[in-house]
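> Structure below; questions to follow.
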Amino acid sequence: MSLSRPDTEDEGVDFAKVMRRRLVWLVLLVVGLVASAFVAVLVGTLGPIGPGDPEYISFEEAFGAIFHGQGDLPDYYANVFWEVRIPRVLLAAAVGAALACAGTAMQAVFRNPMADPFIVGVSSGASLGAVVASLTGLASIAVLGALMTPTLAFASALLTVFVVYYLGVVGGKVYVNTLLLSGVAVAAFLGAMVSLLIYFAGQQYHRIIFWMLGSLSMASWTAVIVVVLAAVLGIVLVYISSRDLNALLLGEETAHNLGVDAEGLKTLMLVVAAVMTAAAVAFTGVIGFVGLIIPHMLRLVVGADHRILVPAATLSGAIFLIWADTVARAVIAPTELPVGIITALCGGPFFLYLLRRNRILGDAL
Amino acid sequence: MKLEIKGLSFSFGDKKVLKDVTFDVEPGEFIGLMGPNGSGKTTLLRCIMNYLNPPADSVLLDGVSTNTQSSEDLARTFAVVPQSSSTDFTFSAYDIVMMGRLPHRSSRFAGPTMEDAAAVQEAMERTDTWKYATRRFFALSGGERQRVIIARAVAQRPKALLLDEPTVYLDINGQLEVMDLIKTLNKEQGITVISVLHDVNLAARYCDKIALLSNGWLEAYGSPVAVLNPDTIQSVYGVDVVVRKDPFTNAVYVMPHSSLAAGPRHGRRVHLLCGGGVGGPFMKSLLDAGFGVSTGVLNVLDSDFENARDLRIPTVAELPFSAISESAFRDNIALVRDSEFVVLSPFPVGPGNLKNVEAAKQAAAMGKRVIVVRPEEGRGIDFVGGRADEIVKELISSGAIPVKDMADMLREISRGVA
Amino acid sequence: MTSKSMGKTTKNVWTVLIVILVAVFSFAGGYLAGITISGQNEGFTIVDDYGRTVTLDGIPQRIVSIAPSSTEILFAVGAGPQVVGVDNYSDYPAEAAGLPKVGDFPPSTEAIVALQPDLIVGGDLVPLAQLEQLANQGIPYVLFADRTLEDVMKTIRLAGVITGHVSEADEVAGELEDRIDAVKAKIQDSGLPKPKVYVEYDDFMGFWTYGPGSFGDDLITSAGGVNIAHNTSSEYPTVESEYVIAQDPDIIIFTTGPWSTLSKDTYINRPGWSTIDAVENGDIYGVDANLISRYGPRVIDCLELLAEIFYPEVFP
């Protein structure tokens, strides 16, 4: 249901029409995603959309390099596209999709509009793992080194979620409020530990900033494959739970009375979101805002029914992060900004605008 | 679908909340679950719907224990309407009702179908909520929300509707709306209804049977007339009530006594001359003030007769449609003799009961303190051509104390007592 | 909103604004008040690298250095015996490493005061407020700040003036200048083209390099290399991968050290970098991070090391 027009006295709902309209939305989003990816691949310090520093690749050359291989182009053109830009854009899409989808799921599980994918400790756990990997020199082991940081970040994130989950579950029942609080406490504790480690390592604060804001500069095909796999799995599982999530939002008792296994659902969503988010964070650091605001923005446009919200938010998250990363790369090329700055700068005001337009007051989202 | 509750006991930890509750519900019945706070009504409801796990075989549907059934099966049997529903999320009313179709999906992954859409539309039309379909649920009023939830329950096509105090947050308008709707569904579609209700009169009006719980025990189970009698209510709720029949629906309705303890019973007696319903408030205020009260002569069809009977006040009665007879008059005077005060309330006087005014004259002659309550001049309560008024004038001039209203009367009497 | 509630809101806003302004001004005032250095009438005045005029009672005999680069400079000009305490990272020369430690960033005020110093010497990363506090207690401080090799020479001479080792400082500086000139001359005479160099000091969430205005940039340039990040917009930027690929540097320098995660393999395995000359030819070299970033007298060693790397035929 599109709720973009405020309350009107319409006579009922034409179900078939609504279903058709949703399909149109989704098709538009998919087209938008493909188009965004396409454009983003053409953006960079070398052009064709960009300053052309230190040299300029024209559109023709770009297409040539992408589709036909080297030919008589300089040997690194193909590399720039196939080894640097395309993996980066794909990673941005996968991470944006994963975070938006996980955020949607978490908001349903916690019945809380302030929930985001990091709420159960994924970000602080991943940070600890990443910092340990780099500070202990594990990351500079010969062949495995490059994967050491993401692996440790991922493992540490999952371990953290496990601890938080364990603290929030009593007798097989998942108490979301307890979970929320233990997530906060654990995140604070781990955050302090990370700061401590950084401090003892001596004046390496800039590293933690880029990690805390997130960056897609370490994109590689390995990263793409891992994150895409985790994201696809997670998104599918969340989507097929859509109707159950709708019911869950009305309360545990209501969900039960509608035949939904609330406990199993909550656990599944937590695991799925944790895996998706941990995989993303392991390679990109903590990119904030996407997982919190994208679901809300889409709710304002397409409604709270998860059957449309999940795919819409997922696709929008991908599109959003592709663009944010493009800006992060291009705005002061050849220097890069952390993408988290862009997501917050752009997303915040736009969301406020949507909120005002819908004239929704108070905390009823 | 027949529901049997057999020896259902339930505890939260050490605390026993339900003790050996047993009763049956026939298909299509409308049952009210009642009882004071903490008596276990909501727990009972939750055990029936299996949200709490009752002991095995204590809740049976058509002979099959609910423990053995999946929550999806149970969701096809029971639809639940809670006290209130709200959400911070922007679901439309339509979305909410569509959720009722969850138990009917063909597989875990199936989306809503055209059949679901039809069921939702039908349910919303039946509950007159179809016009709110696109509106956000949280933006609706309490009554509208409850109706949407009921629509959801209807869309669920259950065999039984379980409601937990569905009217507690509604104004009187909303209450009747909702209860009428439920009753209609109950009668037209044969859906069994089991509802926790806190409003005794609502329950009496709508339920076929009432289960009255107290402290986890099932104190009574039966028709409202049988269950809602002053003695049972006193023992369960600890409140004195008077039970009447609603003149329009014939349902019983319950009127609580004042919960104020009557003043110190000082044993002084007042005889009240009344009729036509005027005496009710006087009886009550005198009783509350601690006096013993008697009254007469009252015609058996007079509402004051009912009032007196309900308040257990000694009364001299007269046959329907008859004027006061000599014997009745004598009995009346006998009561006067036993009293210290006589109050002549402003009741309508006709030829049939003029003798009640004359009784006041006799009381004065006997030396009793007579208090005449005369609110205003010319109130049109004399239907005997002024003779009642004459008697009253005589009374006052020979020492009866005129007062304007009940408060004045009480003051005079108290002065007399002091 | 009604005009009455509007009035109330405006009043609240003004109240908050005034409170904030008052707070800001008091902090600023307090800070400024603390900045005046209580000088003495005798002694001499010097101007440090930040342009601050500092008055000293006499030649300082109890110096505390809170930057490793400053420590090295002090010892190089022969003022070692006058140094009584250093920060945790001052590990060169060996005598410095053995001195009492006062912490790193920020240093411990107690530890400093316990040593009863008559001068504190700091570098770039200094806790100004803390130093001001100590100055108010009568302990002056001097800051060395260097961005180029030339700056280092000036600082060495300044250190000589401060510590009463003018001639020694001159000698040391002169020697170093000779070495610099020698390197530059040799490079010039060779007539060889300047190699393009990419230097990286970290790769956590981005490729961190030395941009214009940084010391590393000056070193690269002085050693006859062309820093490909020389025209970027900040001192310590992260650059895009494709930028480096397109620049196709001849030599890649990475920094080594206890916290460094970089190695030759890092660049060989980096996606898309296989076409870079430096990677194809294996011209990837590690340099001690302390040498390239700590601007003491040893930077000349680093300069010579880099020159060797850049011009192997000239400096075998």
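Protein chains in written order, with our numbering: chain A, 1 to 365; chain B, 366 to 783; chain C, 784 to 1099.
Cβ coordinates follow ideal geometry from the N, Cα and C atoms, glycine included.
Under 8 Å between beta-carbons, which chain A residues line up against B:L467? List them in chain order, please.
As a working mapping, residue 467 of chain B is identified with position 102 in the second sequence. Going along chain A in sequence order, the residues near B:L467 (Cβ under 8 Å) are R243, D244, A247, L258, G259 and V260.
> Counting only C-beta atoms, is A:D116 closer than 9 Å to chain B at any point?
As a position in the first sequence, residue 116 of chain A is number 116, starting the count at 1. Output row for A:D116: interface = no.
> Measure from the alpha carbon of B:S351 to the alpha carbon of each residue in B:A729, B:A458 and B:A504, then state which is nearest.
The structure shown has nothing for residue 351 of chain B, since chain B only spans 366 to 783.
> Put C:L908 into one of helix, strand or coil per three-state DSSP.
Residue mapping note: residue 908 of chain C aligns to position 125 of the third sequence, counting from 1. Coil at C:L908, not helix or strand.
> Tell me whether C:N1010 sits in a helix, a strand or coil according to DSSP, three-state version.
Here residue 1010 of chain C refers to the residue found at position 227 of the third sequence. Three-state DSSP puts C:N1010 in a strand.
> Do C:I849 and C:I895 come within 9 Å of each other at the CB atom, strictly closer than that value?
As a position in the third sequence, residue 895 of chain C is number 112, starting the count at 1. As a position in the third sequence, residue 849 of chain C is number 66, starting the count at 1. The answer is yes: Cβ separation under 9 Å.
> Bridge partners of C:I1092, per DSSP?
The sequence position of residue 1092 of chain C within the third sequence is 309, counting from 1. DSSP lists no partner for C:I1092.
> Using the beta-carbon of each residue, which ones in chain C are nearer than 8 Å to A:G44?
Taking the first residue of the first sequence as 1, we reach residue 44 of chain A at position 44. E1023 and E1025, listed in chain order.
> I want to see whether chain B comes within less than 9 Å of A:A16, judged by CB atoms only; does it?
On the first sequence, residue 16 of chain A is found 16 positions in, with the first residue counted as 1. Yes - at least one Cβ of chain B is within 9 Å of the one on A:A16.
> Measuring only between beta-carbons, confirm whether A:P334 sits less than 9 Å from chain C.
As a working note, residue 334 of chain A is residue 334 in the first sequence. It does: the Cβ of A:P334 has a partner Cβ on chain C nearer than 9 Å.
> Can you pull the chain A neighbours of B:M479, defined as C-beta to C-beta under 8 Å?
Taking the first residue of the second sequence as position 1, residue 479 of chain B is located at position 114. Residues of chain A passing the Cβ test: F15 and A16.
> Going straight from the alpha carbon of C:I980 to that of C:T793, what length do you get?
Within the third sequence, the letter at position 197 stands for residue 980 of chain C. Within the third sequence, the letter at position 10 stands for residue 793 of chain C. It is Val, not Ile, that sits at residue 980 of chain C in the sequence shown. Taking the straight line joining both Cα atoms gives about 60 Å.
> Is the Cβ-Cβ distance between A:A262 and A:A255 less than 9 Å?
Against the first sequence, residue 262 of chain A aligns to sequence position 262. Against the first sequence, residue 255 of chain A aligns to sequence position 255. A contact, by the Cβ cut-off of 9 Å.
> Quick check on DSSP: helix, strand or coil for B:R695?
On the second sequence, residue 695 of chain B is found 330 positions in, with the first residue counted as 1. Helix.
> Taking C:L1089 and C:I1035 to be in contact with their CB atoms under 8 Å, please state how far apart those CB atoms are, rounded to whole angstroms.
Position 306 of the third sequence, counted from the first residue, corresponds to residue 1089 of chain C. Position 252 of the third sequence, counted from the first residue, corresponds to residue 1035 of chain C. Not really, about 12 Å apart at Cβ, beyond 8 Å.
> Using 10 angstroms around the beta-carbon of C:M936, count the other beta-carbons present and answer buried if the total reaches 16, otherwise exposed.
By one-based count along the third sequence, residue 936 of chain C stands at place 153. Flag for C:M936 reads buried.
> Identify whether B:P810 lies in helix, strand or coil by the three-state DSSP scheme.
Because chain B here runs from 366 to 783, residue 810 of chain B falls outside it and cannot be looked at.
> Cα separation between C:I1028 and A:A97?
For this step, residue 1028 of chain C is matched to residue 245 along the third sequence. For this step, residue 97 of chain A is matched to residue 97 along the first sequence. Between C:I1028 and A:A97, the C-alpha separation is close to 29 Å.
> Who are the near neighbours of C:I820 in its chain, counting only those whose CB is closer than 6 Å to its CB and skipping five residues on each side?
The residue given as residue 820 of chain C occupies position 37 in the third sequence. Any reading at C:I820 is ruled out, since the residue's pLDDT is 38, under 50, leaving its predicted position unreliable.
> Since B:K380 meets chain A, which of its residues come closer than 9 Å, beta carbon to beta carbon?
Translated into the one-based positions of the second sequence, residue 380 of chain B becomes position 15. Result: empty, since nearest Cβ-Cβ is about 17 Å, beyond 9 Å.
> Can you have a look at B:D747 and say buried or exposed, based on whether 16 or more other CB atoms are within 10 angstroms of its CB?
To locate residue 747 of chain B, count along the second sequence from 1; it is residue 382. B:D747 should be labelled buried.
> For A:P113, return the contacting residues in chain B, with the cut-off set at a CB-CB distance below 8 Å.
For the purposes of this step, residue 113 of chain A is identified with residue 113 of the first sequence, where counting begins at 1. The answer, in chain order, is D453 and F454.
> Can you find the residues in the same chain that come closer than 6 Å, C-beta to C-beta, to A:I208, ignoring five residues on each side of it along the sequence?
Along the first sequence, one-based indexing puts residue 208 of chain A at 208. Result list for A:I208: I198, in chain order.
> Got a sec? Which residues, its chain only, sit under 8 Å from A:E55 by beta carbon, not counting five neighbours each side?
For the purposes of this step, residue 55 of chain A is taken as the residue at position 55 of the first sequence. Here the set comprises L46.
> For C:F827, list the residues DSSP reports as bridge partners.
The count along the third sequence starts at 1 and reaches residue 827 of chain C at position 44. Answer is C:L839.
> Determine the closest residue to B:G644 out of B:V635, B:G657 and B:N672, with distance taken between C-alpha atoms.
As a position in the second sequence, residue 644 of chain B is number 279, starting the count at 1. Of B:V635, B:G657 and B:N672, the residue nearest in Cα terms is B:N672.
> Counting contacts by CB-CB distance shorter than 9 Å, is A:Y175 in contact with chain C?
Here residue 175 of chain A refers to the residue found at position 175 when the first sequence is read from its first residue. Judged by the 9 Å Cβ criterion, A:Y175 is not in contact with chain C.
> Cβ of A:S217 versus every heavy atom of the ligand GDP: is any distance shorter than 8 Å?
Judged by which ligands are present, the structure shown has none, so any question about the ligand GDP falls away.
> Rounded to the nearest angstrom, how far is the Cβ of B:V681 from that of B:V662, given a contact under 8 Å?
Here residue 681 of chain B is taken as the residue at index 316 of the second sequence, counted from 1. Here residue 662 of chain B is taken as the residue at index 297 of the second sequence, counted from 1. That belief holds up - the Cβ atoms of B:V681 and B:V662 are roughly 5 Å apart, short of 8 Å.
> Taking the beta strand (DSSP E) that B:S785 belongs to, which residues open and close that run?
Absent from the model: residue 785 of chain B. The displayed extent of chain B is 366 to 783, so no value can be given.
> Out of curiosity, what's the CA-to-CA distance linking C:Q916 and C:K791?
Here residue 916 of chain C refers to the residue found at position 133 of the third sequence. Here residue 791 of chain C refers to the residue found at position 8 of the third sequence. About 43 Å.
> Closer than 9 Å, CB to CB, is A:A376 near chain B or not?
A query on residue 376 of chain A cannot be resolved here, the shown segment of chain A reaching from 1 to 365 and no further.
> Mind checking which residues open and close the alpha helix (DSSP H) that includes B:E741?
Counting from 1 along the second sequence, the entry for residue 741 of chain B is found at position 376. From DSSP, B:E741 is part of no alpha helix (DSSP H); its letter is neither H nor E.
> Cβ atoms of C:L932 and C:L1086: under 9 Å apart, would you say?
Locating residue 1086 of chain C in the third sequence gives position 303, where the first residue counts as 1. Locating residue 932 of chain C in the third sequence gives position 149, where the first residue counts as 1. In this structure, C:L932 lies closer than 9 Å to C:L1086 by Cβ.
> I want to verify the contact list: residues of chain C whose CB lies under 8 Å from the CB of A:F210, in sequence order.
For the purposes of this step, residue 210 of chain A is taken as the residue at position 210 of the first sequence. Correct list: F987, M988, G989 and T1021.
> Do we get a CB-CB distance below 9 Å when we pair C:Q1030 with the residues of chain A?
As a position in the third sequence, residue 1030 of chain C is number 247, starting the count at 1. So yes, C:Q1030 belongs to the interface.
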